[in-house]
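The block underneath contains the structure these notes are about, expressed in structure tokens.
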Amino acid sequence: MLRITITTRPEDAIVALEGRLAGPWVDELARCWKTLTAKQDAGSIHVQLDAVMFIDDAGRVLLRTMHEAGATLAASGCMTRAILEEIEKR
Numbered sequence: 033m034l035r036i037t038i039t040t041r042p043e044d045a046i047v048a049l050e051g052r053l054a055g056p057w058v059d060e061l062a063r064c065w066k067t068l069t070a071k072q073d074a075g076s077i078h079v080q081l082d083a084v085m086f087i088d089d090a091g092r093v094l095l096r097t098m099h100e101a102g103a104t105l106a107a108s109g110c111m112t113r114a115i116l117e118e119i120e121k122r
């Protein structure tokens, strides 16, 4: 399960994720991302992954897409930070 909380302000948006970014939840986040970027510049979107416990390969691809579009990705857990470092190096 993945909880997606989106907080929008005129200058930016925060997407807070909690749970597992895997399976059907990757598609759900992709739908949310598409809707959000239709209204807001991707460069002003901050994705918080502090409460994410697992990210599968499809989730990594989606996060890479978000990063390449300009979103800021942030995490505090060791596993999640390592994944973000891998994404940001490419």
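If you use my numbering, the sequence shown corresponds to residues 33 to 122, in order.
Cβ coordinates follow ideal geometry from the N, Cα and C atoms, glycine included.
Exposure of Thr112, with buried meaning 16 or more beta-carbon neighbours within 10 Å: Counted from its first residue, the sequence shown places residue 112 at position 80. Buried, since its Cβ has 16 or more Cβ neighbours within 10 Å.
Every unbroken beta strand (DSSP E) inside the stretch 55–117 [3 residues or more]: 77–87 and 104–106
Burial state of Met33, where buried means 16 or more other Cβ atoms lie within 10 Å: Residue mapping note: residue 33 aligns to position 1 of the sequence shown, counting from 1. Burial call: exposed.
Simplified DSSP state of Glu43, which is helix, strand or coil: In the sequence shown, counting from the first residue as 1, residue 43 sits at position 11. Reduced to three states, the DSSP call for Glu43 is coil.
Close Cβ partners of Gly51 (< 6 angstroms) along its chain, the five nearest in sequence each way excluded: As a position in the sequence shown, residue 51 is number 19, starting the count at 1. Met33, Leu34 and Arg35, listed in sequence order.
Contact check, Val47 vs Val79, beta carbons under 7 angstroms: For this step, residue 47 is matched to residue 15 along the sequence shown. For this step, residue 79 is matched to residue 47 along the sequence shown. In this structure, Val79 lies closer than 7 angstroms to Val47 by Cβ.
Selection from Leu94, Glu118, Thr40 and Ala74 that minimises the alpha carbon distance to Pro56: Residue mapping note: residue 56 aligns to position 24 of the sequence shown, counting from 1. Considering only alpha carbons, the answer is Leu94.
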